[in-house]
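K.L.:
One structure follows; several queries about it will come next.
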Amino acid sequence: MNLQFHEFYQSFSNKYVCYLEVYYSSGGLVAYADSQSETAAPAAELNQNECKKKRVVVLGTGWAGTSFLKDLDVSSYDVQVVSPRNYFAFTPLLPSVTCGTVEARSIVEPVRNIIKKRNGEIQFFEAECVKIDAAKNKVFCKSHFENNVIGAEDFSLEYDYLVVAIGAQVNTFNTPGVMENCHFLKELEDAQKLRRSVIDCFEKASIPGLTEEERRTNLHFVVVGGGPTGVEFAAELHDFIQEDLVNVYPMVKDLVKITLIQSGDHILNMFDERISTFAEKKFQRDCIEVQTGCRVLSVSDKEITMKVKSKGEVTSIPHGLVVWSTGISTRPVVKDFMEQIGQANRRVLATNEWLRVKECENVYALGDCATIDQRKIMEDIASIFKAADKDNSGTLTVQEFQDVVDDILVRYPQLELYLKNMHLRDVKDLMKDPEGKDIKEVDIEGFKLALAQVDSQAKSLPATAQVAAQQGAYLSRCFNRREHCKDNPEGPRRFVGSGRHAFIPFRYKHLGQFAPLGGEQAAAELPGDWVSIGRSTQWLWYSVYASKQVSWRTRVLLVSDWTRRFVFGRDSSRI
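When you line the sequence shown up against our numbering, it's residues 529 to 1103, in that order.
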């Protein structure tokens, strides 16, 4: 009996590997096998490859990257995160940080707190990605620490999947002097620096021996850019000055001036016209000068030069501080990556509707660093017609069109927007003649004519935190369901090719947007084309932003800061 068992055990050990210990390292899964049989080696390698987790490298800890990490099932992946900042910042509140309405630590959450997981481990490295090698599936990184660090600062990571979520940088439009003489409001460090500079302007204006003109220059704050960030900062600065600083610096309270420069015809031009008009009138009441139709030509340490488009005149105005808030541009590391994959002629990294970078099977891009290149329905019109024409008659009936319309609406979301803008109740309304009568059948030319204007509704998504957060949540769901959807695809049918797409394409759902205007008033554009303006909207803003915090810690700190400001005012210390 014992002899038979011993022979069975020897035979078993020659064919299979008995794992004694399995653990995870930064490079993936490592296994120790108790087998000295040479014939067992191929089996050991096979089992190790089967058990090895896919390596996912995430670049960035902003809205997109953090949203992706929060929902990702890390038990299925070996995840490594690289970012030059070891925290997530609630960027919509950066203007509030510049004036002390909210403290900087109240809107940040350490990354290591966010990535705590029960079913696995996420590794975080505080470093900057300096190069992406798409051919070798590798990223090269460099750490930046103020103090000397023992050991190498450069390292590289290999990946099976790469998620690029490193955001964008400030767009200066190559305007001379902007980088040297302007403040920005893109990162938390920008807000902290700006807060100190505002106090410096008041302290410099209070020094004895200055002429009144010199004091006025020191206290002239210029904001370039009439978008949400520029408008909110101008409003916050006005409240800070009128509610707090005039009491601390009474000798200069009549010398302060705020100017907002906008190249377009109106500020907040991405909002409803009613909001834009209300904001301009409120700024006029608050003595905030709004100069529209002006293009900045250069910025020096003492004055800003601009061209008034309507008159063609070039004028210069002195300033004490300039805040540049005119949009974003692609980071150098992303530009280099775009050149590698044949997107050098594009301004922004292009992805498909599933957020996968075009020409890269295993690289995804989210947030401000990328844009979705929506496929046009006219590119696939012949394939759509062929798929719908089941009897190969060369014509489509209304019923045949309806059989595929659900897949068309999912694959080409611009069709739904077209129906809405044309006030069409149903896709069947597309199958009507100019007199509004139903058409029983339509040929390929008539089908093209009916859908010819649909692609005009395809629009790029705005570079907002809301878009980035939704993209991160969507991509994590795709990663979590990757294995399931290989055998059970849940996406629309493939009109070019056969079968169905594994996942439903990303679809952005607009939840509304706010524009705080100061004086406890705000404007909001809500779903359903609703517009809300006034004090009640400001309280709605408070509640929404408090609820959107990533942790209860920051939520409590934020509400505490707002309460402190109402009771004691803002702090004017230069710290």
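We put the beta carbon where it would ideally sit given N, CA and C, even for glycine.
Predicted, not measured: the structure shown is a model, and the values here were computed from it.
Mind checking whether glycine 792 and serine 853 have CB atoms under 9 Å apart?
P.N.:
If you number the sequence shown from 1, residue 792 lands on position 264. If you number the sequence shown from 1, residue 853 lands on position 325. No, they are not a contact pair.
K.L.:
Tell me which residue opens and which closes the beta strand (DSSP E) that serine 1152 is part of.
P.N.:
What the structure shows of the chain is the stretch from 529 to 1103, and residue 1152 is not part of that stretch, so it cannot be assessed.
K.L.:
Assuming the contact rule is C-beta atoms closer than 8 Å, tyrosine 892 and valine 692 should be a hit. Round their C-beta distance to whole Å, please.
P.N.:
For this step, residue 892 is matched to residue 364 along the sequence shown. For this step, residue 692 is matched to residue 164 along the sequence shown. Confirmed, about 7 Å.
K.L.:
State yes or no: is the C-beta of isoleucine 650 within less than 9 Å of the C-beta of valine 607?
P.N.:
As a position in the sequence shown, residue 650 is number 122, starting the count at 1. As a position in the sequence shown, residue 607 is number 79, starting the count at 1. In this structure, valine 607 lies closer than 9 Å to isoleucine 650 by Cβ.
K.L.:
Please classify arginine 1102: is it buried, with 16 or more other beta-carbons within 10 angstroms of its beta-carbon, or exposed?
P.N.:
The residue given as residue 1102 occupies position 574 in the sequence shown. So arginine 1102 counts as exposed.
K.L.:
Rounded to the nearest angstrom, what separates threonine 899 and proline 736 at their Cα positions?
P.N.:
Looking up residue 899 in the sequence shown gives position 371. Looking up residue 736 in the sequence shown gives position 208. Linking threonine 899 to proline 736 through their CA atoms gives a straight-line distance of about 53 Å.
K.L.:
Within the same chain, show all residues whose beta-carbon is closer than 7 Å to that of phenylalanine 510, passing over the 5 residues directly before and after it, in chain order.
P.N.:
An answer regarding residue 510 cannot be provided, because it is not within the stretch 529 to 1103 covered by the chain.
K.L.:
Could you please give me the residues that DSSP links to glycine 1062 through a beta bridge?
P.N.:
As a first step, residue 1062 must be located in the sequence shown, where it is residue number 534. In the DSSP output, where bridge partners are listed per residue, glycine 1062 has Ala1050.
K.L.:
Rounded to whole angstroms, what's the CA-CA distance from glutamate 801 to glutamate 654? Just pull it up for me.
P.N.:
Position 273 of the sequence shown, counted from the first residue, corresponds to residue 801. Position 126 of the sequence shown, counted from the first residue, corresponds to residue 654. The straight-line gap from Cα to Cα measures roughly 43 Å.
K.L.:
Could you check where the alpha helix (DSSP H) with serine 624 kicks off and where it finishes?
P.N.:
Locating residue 624 in the sequence shown gives position 96, where the first residue counts as 1. Run containing serine 624: 622-626, per the alpha helix (DSSP H) assignment.
K.L.:
Going by other Cβ atoms of all chains shown within 10 Å of its Cβ, with 16 needed for buried, is valine 1095 buried or exposed?
P.N.:
Along the sequence shown, read from residue 1 onward, the residue named residue 1095 stands at position 567. Label assigned to valine 1095: exposed.
K.L.:
Could you give the distance in angstroms between the alpha-carbon of tyrosine 605 and the alpha-carbon of leucine 690?
P.N.:
In the sequence shown, counting from the first residue as 1, residue 605 sits at position 77. In the sequence shown, counting from the first residue as 1, residue 690 sits at position 162. C-alpha separation (whole angstroms): 12 Å.
K.L.:
DSSP state of proline 946, grouped into three classes?
P.N.:
Within the sequence shown, numbered from 1, the residue matching residue 946 stands at position 418. For clarity, residue 946 is tyrosine in the given sequence; the question names proline instead. Three-state result, tyrosine 946: helix.
K.L.:
Hey, out of Asn920, Asp688, Glu717, whose CA is closest to cysteine 888's CA?
P.N.:
Translated into positions along the sequence shown, residue 888 becomes position 360. Of the candidates Asn920, Asp688, Glu717, the one whose C-alpha sits nearest the C-alpha of cysteine 888 is Asp688.
K.L.:
According to DSSP, which residues form a beta bridge with leucine 587?
P.N.:
Residue numbering aside, residue 587 sits at position 59 when the sequence shown is read from its first letter. Per DSSP, Val610, Val692.
K.L.:
For leucine 557, which of helix, strand or coil comes out of DSSP?
P.N.:
Here residue 557 is taken as the residue at index 29 of the sequence shown, counted from 1. Summary for leucine 557: the model assigns pLDDT 34, below 50, so the residue's position carries little reliability, and this model does not support an answer.
K.L.:
Mind checking whether isoleucine 832 and valine 955 have CB atoms under 9 Å apart?
P.N.:
Numbered from its first residue, the sequence shown carries residue 832 at position 304. Numbered from its first residue, the sequence shown carries residue 955 at position 427. Taking 9 Å as the Cβ cut-off, isoleucine 832 and valine 955 do not qualify as a contacting pair.
K.L.:
Quick one: Cα of aspartate 772 to Cα of lysine 830, how far?
P.N.:
Numbered from 1 along the sequence shown, position 244 holds the residue referred to as residue 772. Numbered from 1 along the sequence shown, position 302 holds the residue referred to as residue 830. Cα to Cα, the separation comes out at about 26 Å.
K.L.:
Exposed or buried, histidine 951, counting other C-beta atoms within 10 Å across all chains shown (16 or more means buried)?
P.N.:
Here the question's residue 951 lines up with position 423 in the sequence shown. The residue in question, histidine 951, is exposed, as its Cβ has fewer than 16 Cβ neighbours within 10 Å.
K.L.:
Between the C-alpha atoms of alanine 583 and lysine 960, what's the straight-line distance to the nearest angstrom?
P.N.:
By one-based count along the sequence shown, residue 583 stands at place 55. By one-based count along the sequence shown, residue 960 stands at place 432. The question names alanine, yet the displayed sequence has arginine at residue 583. Between arginine 583 and lysine 960, the C-alpha separation is close to 53 Å.
K.L.:
Is valine 784 closer than 9 Å to cysteine 710 when the C-beta atoms are compared?
P.N.:
In the sequence shown, residue 710 corresponds to position 182, counting from 1. In the sequence shown, residue 784 corresponds to position 256, counting from 1. In this structure, valine 784 does not lie closer than 9 Å to cysteine 710 by Cβ.
K.L.:
Rounded to whole angstroms, how far is the Cβ of lysine 1037 from the Cβ of glutamine 998, which I believe are closer than 8 Å?
P.N.:
Position 509 of the sequence shown, counted from the start, is the residue given in the question as residue 1037. Position 470 of the sequence shown, counted from the start, is the residue given in the question as residue 998. With 8 Å as the limit, lysine 1037 and glutamine 998 qualify as a contact, their Cβ atoms being about 7 Å apart.
K.L.:
Is tryptophan 852 helix, strand or coil when you go by DSSP?
P.N.:
Residue numbering aside, residue 852 sits at position 324 when the sequence shown is read from its first letter. Tryptophan 852 falls in the strand class under three-state DSSP.
K.L.:
On the CB-based measure, 16 or more other CB atoms within 10 Å of its CB, does tyrosine 560 come out buried or exposed?
P.N.:
The residue given as residue 560 occupies position 32 in the sequence shown. Per-residue confidence for tyrosine 560 stands at a pLDDT of 33, beneath the threshold of 50, marking its modelled position as unreliable; the derived number appears in the next sentence. By the neighbour-count rule (16 or more Cβ atoms within 10 Å), tyrosine 560 is not buried but exposed.
K.L.:
Can you name, in chain order, every residue of its own chain whose Cβ lies under 7 Å from the Cβ of arginine 1028, other than the five neighbours on each side?
P.N.:
One-based indexing of the sequence shown puts residue 1028 at position 500. Around arginine 1028: Pro1017, Gly1019, Pro1020, Arg1021, Arg1022.
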